[in-house]
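Okay, structure first, notes after.
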Amino acid sequence: MTELPRFRDPPVTEAVLAVQFNTIPLTNALAGLFWGELRERYETVLEHPPLGGAFETFGGDAALEQHVPIALWGASSSRFWYVSNDQIDVLQLQSDRAVRNWRKLSTEQQYAGYFAIKKSFEDDLSQFAAFAYRERLGVVVPNQCEVSYTSIITPPDEADAGKEMSRITPICPLNPAGPEGAVFEGTNTQARFQLNDSAGRPIGRLYASFAPQLAVNGKTVVRVDILARGRPPPAISGALEFMDTLHRAAVTSFVALTTPEMHRIWGVENGL
Amino acid sequence: MAYSAVRRRNDFEQFGGRTATLNTVPANDSLSFEKFSKAYSIEIETNWQSPVLSRMTQLMALGEDWNSYGAPPIRRETGMFALEVLEKVMQRGTPVPDIVPTSAGGIQIEWHDKSIDLEFHVAAPYQCELWFKDHLEIEPSVSLDLVDNIAAFGNTVAILTRR
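Just so you know, the protein sequences line up as chains A and B, in that order. Be aware that the first sequence starts at 11, since it is given in the working numbering, and climbs by one per residue. Be aware that the second sequence starts at 332, since it is given in the working numbering, and climbs by one per residue.
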């Protein structure tokens with residue numbers, strides 16, 4: 011297997027690893043009890059509405075955009091954010107999902123790297139699975155995995171990110187034609203790919219989107235979201251291994267969907 | 332994306348998903364009641380999510396032994412998966428299906444309409460069965476186990492929708 015590309019200064023601002031599993035009866039009280047086990051590492055807990063389910067299937071007429079998943083939750087369900095002492099890491103937990111977020115909170119902060127993030131997620135997920143078993147909530151059986159990255163890209167030479175998206179990604183045309191007399195203001199774009207195994211069977215899907223945003227300093231930047239999702243083997247160890255496949259897909263697609271000019275700016279280290 | 336834990340700012344102008352197109356009947360088409368009625372019912376039938384979600388929510392509330400014969404409750408992931416599949420196969424004009432719980436804890440989505448019997452049973456995520464019978468015998472019957480490829484279900488829903 012070929013080595014994955016590495017950048018000295020990657021533009022990633024958030025990395026997310028997630029495992030969706032068959033629902034277990036995690037009540038708010040039990041989530042509080044579990045927090046007791048985590049509190050040395052996660053000193054803050056926050057409550058949010060739960061996320062809906064997401065399952066990748068094939069052969070249907072799926073829309074290009076990801077739809078907002080429909081939630082089938084009762085009023086008493088919550089999603090908990092256990093926030094690390096340095097605020098960088100968040101473990102999100104709800105009755106059918108565990109999510110690890112790594113966040114870049116300052117410009118000096120270096121990207122932690124996929125394998126470090128995955129290791130801490132693995133530790134937390136194993137601890138939660140042991141808790142669920144001990145509290146007779148059932149076995150954690152994964153049914154879907156995700157790896158996603160958000161990057162904020164500053165275009166080179168003070169370029170207008172909305173108008174010159176083609177300098178960032180090859181999937182956006184340069185100066186697309188509009189109606190006569192119209193002035194091109196900007197564009198955003200989305201792409202979707204089916205992920206296959208070595209035998210050509212579908213194993214998941216990858217979604218990519220490029221969207222201009224106004225940064226706090228008033229300049230336009232491009233937010234890039236890459237999400238890879240698929241059905242893992244129904245055990246935590248298998249799900250974590252499958253996550254490596256999704257990670258590879260996310261990284262290689264990020265490289266394929268961004269330009270060599272940007273790769274040079276981010277300091278590509280192993281010669282693309 | 333949906334699980335992001337970073338607050339972001341997006342100042343780009345939004346159109347809220349609406350366009351100025353009114354989707355009107357072409358000017359050279361006559362506005363007969365039949366055409367109007369058909370177009371009107373198609374508009375209504377695209378709105379399947381609301382009754383289906385309402386029915387799914389009812390099913391999620393079924394407790395242990397809901398049929399008095401020891402049936403297990405319907406698992407949430409089974410309902411989520413069924414909704415996800417419907418999202419991908421339902422078309423403009425597809426009739427709203429009946430949704431019934433099964434004694435094994437699954438969900439059956441079914442249509443008995445237009446001389447077609449179409450049943451899609453979800454036992455659990457990625458454990459589905461499809462059964463299709465055309466009583467006019469124009470289309471071949473189908474009986475299949477489905478895992479993650481739902482093309483056959485999409486095809487049969489398309490046949491039902493077109494008829």
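For glycine and all other residues, C-beta sits at the position ideal for the given N, C-alpha and C. Everything numeric in this text was worked out from a predicted model, so none of it was measured.
Backbone secondary structure at G191 (chain A) - three-state DSSP: On the first sequence, position 181 is the one that residue 191 (chain A) refers to. Assignment of G191 (chain A) by DSSP, reduced to helix, strand and coil, places it in the coil class.
Separation of N280 (chain A) from E418 (chain B), as counted between CA atoms: Taking the first residue of the second sequence as 1, we reach residue 418 (chain B) at position 87. Taking the first residue of the first sequence as 1, we reach residue 280 (chain A) at position 270. Roughly 42 Å between the two C-alpha positions.
Closer than 7 Å to chain B by CB, P183 (chain A): Here residue 183 (chain A) corresponds to residue number 173 of the first sequence, with the count starting at 1. It does not: the Cβ of P183 (chain A) has no partner Cβ on chain B nearer than 7 Å.
Below-7 Å beta-carbon distance, N480 (chain B) vs any chain A residue: Residue mapping note: residue 480 (chain B) aligns to position 149 of the second sequence, counting from 1. When Cβ-Cβ separations below 7 Å define contact, N480 (chain B) makes contact with chain A.
Whole-angstrom distance between W91 (chain A) and V226 (chain A), CA atom to CA atom: Position 216 of the first sequence holds residue 226 (chain A). Position 81 of the first sequence holds residue 91 (chain A). Between the alpha carbons of V226 (chain A) and W91 (chain A) lies a distance of about 26 Å.
Length of the line joining the Cα atoms of A108 (chain A) and F65 (chain A): Within the first sequence, residue 108 (chain A) is the residue found at index 98, counting from 1. Within the first sequence, residue 65 (chain A) is the residue found at index 55, counting from 1. Distance between the alpha carbons of A108 (chain A) and F65 (chain A): 15 Å.
Cβ separation of L205 (chain A) and G214 (chain A), assumed to be a contact under 8 Å, to the nearest whole Å: For the purposes of this step, residue 205 (chain A) is identified with residue 195 of the first sequence, where counting begins at 1. For the purposes of this step, residue 214 (chain A) is identified with residue 204 of the first sequence, where counting begins at 1. Going by Cβ atoms, the distance from L205 (chain A) to G214 (chain A) rounds to 4 Å, so yes, they are a contact pair.
Simplified DSSP state of G42 (chain A), which is helix, strand or coil: Within the first sequence, the letter at position 32 stands for residue 42 (chain A). It is helical.
Residues in the segment 459 to 473 of chain B having any Cβ partner in chain A nearer than 7 Å: The segment 459 to 473 of chain B vs chain A, Cβ under 7 Å: nothing.
Of the residues A:I34, A:Y121, A:S116, A:P242, the one placed nearest G148 (chain A), counting alpha carbons only: Sequence index remark: in the first sequence, residue 148 (chain A) carries index 138 (1-based). The shortest C-alpha to C-alpha distance from G148 (chain A) to any of A:I34, A:Y121, A:S116, A:P242 is the one to A:I34.
Strand pairing of C155 (chain A), partner residues [DSSP]: Along the first sequence, read from residue 1 onward, the residue named residue 155 (chain A) stands at position 145. Assignment of beta-bridge partners to C155 (chain A) by DSSP yields A:V29, A:G240.
Supposed contact pair Q102 (chain A) and N111 (chain A) - C-beta distance, whole angstroms, cut 8 Å: Residue 111 (chain A) sits at position 101 when you count from the first residue of the first sequence. Residue 102 (chain A) sits at position 92 when you count from the first residue of the first sequence. That pair is a contact at about 7 Å.
Given 8 Å, three or more beta-carbon pairs between the segment 146 to 162 of chain A and the segment 226 to 244 of chain A: For the pair of segments examined, the segment 146 to 162 of chain A was found to touch the segment 226 to 244 of chain A: the number of CB pairs separated by less than 8 Å reaches three.
Close Cβ partners of G188 (chain A) (< 7 Å) along its chain, the five nearest in sequence each way excluded: Taking the first sequence and counting its residues from 1, one reaches residue 188 (chain A) at position 178. Sequence-distant partners of G188 (chain A) (beyond 5 residues in either direction) whose C-beta falls short of 7 Å from its own C-beta, in its chain, are F194.
Member of B:H466, B:F484, B:P432 whose CA lies at the smallest distance from the CA of A392 (chain B): Sequence index remark: in the second sequence, residue 392 (chain B) carries index 61 (1-based). For the residues B:H466, B:F484, B:P432, the minimum Cα distance to A392 (chain B) belongs to B:P432.
Heavy atom of the ligand GTP within 6 Å of R407 (chain B) beta-carbon: In terms of ligand content, the structure shown is empty, and the ligand GTP therefore cannot be addressed.
C-alpha distance - R423 (chain B) paired with F484 (chain B), whole-angstrom precision: As a first step, residue 423 (chain B) must be located in the second sequence, where it is residue number 92. As a first step, residue 484 (chain B) must be located in the second sequence, where it is residue number 153. Cα-Cα distance, rounded: 16 Å.
Burial state of G463 (chain B), where buried means 16 or more other Cβ atoms lie within 10 Å: For this step, residue 463 (chain B) is matched to residue 132 along the second sequence. Contrary to the premise, residue 463 (chain B) reads as Phe rather than Gly in this sequence. Note on F463 (chain B): 16 or more other CB atoms within 10 angstroms of its CB, so buried under the neighbour-count rule.
Residue of B:S446, B:V383, B:P382 minimising C-alpha distance to E468 (chain B): Position 137 of the second sequence, counted from the start, is the residue given in the question as residue 468 (chain B). With distances taken between Cα atoms, E468 (chain B) lies closest to B:S446.
Coarse secondary structure for A218 (chain A), derived from DSSP in three states: Locating residue 218 (chain A) in the first sequence gives position 208, counting from the first residue. Strand.
Beta-carbon neighbours of D106 (chain A), restricted to chain B and to distances below 9 Å: Looking up residue 106 (chain A) in the first sequence gives position 96. Around D106 (chain A), the beta-carbon contacts reaching into chain B at under 9 Å are R407, E408, M411.
CB contact below 7 Å: E450 (chain B) versus chain A: For the purposes of this step, residue 450 (chain B) is taken as the residue at position 119 of the second sequence. With 7 Å as the cut-off, E450 (chain B) does not count as an interface residue toward chain A.
Neighbour flag for P403 (chain B) against chain A, beta carbons, 7 Å: Taking the second sequence and counting its residues from 1, one reaches residue 403 (chain B) at position 72. With 7 Å as the cut-off, P403 (chain B) does not count as an interface residue toward chain A.
Span of the alpha helix (DSSP H), counted from its first residue to its last, around A392 (chain B): On the second sequence, position 61 is the one that residue 392 (chain B) refers to. Looking at the DSSP string, A392 (chain B) is not in any alpha helix (DSSP H), and its letter there is neither H nor E.
Coil, strand or helix - G148 (chain A) by DSSP: Position 138 of the first sequence, counted from the start, is the residue given in the question as residue 148 (chain A). Coil.
Below-7 Å beta-carbon distance, P426 (chain B) vs any chain A residue: Counting from one through the second sequence, the residue named residue 426 (chain B) turns up at place 95. Chain A, which has no Cβ nearer than 7 Å to the Cβ of P426 (chain B), makes this no.
Residue environment, T12 (chain A), which counts as buried when at least 16 other CB atoms sit within 10 Å: Looking up residue 12 (chain A) in the first sequence gives position 2. Classification for T12 (chain A): exposed.
Any chain B beta carbon closer than 7 Å to N153 (chain A): If you number the first sequence from 1, residue 153 (chain A) lands on position 143. Chain B contact via Cβ: present.
Ordered list of beta strand (DSSP E) runs contained in the segment 390 to 441 of chain B, each at least 3 residues: Taken in chain order, the unbroken stretches of beta strand (DSSP E) that lie wholly in the segment 390 to 441 of chain B and span 3 residues or more are 429 to 432.
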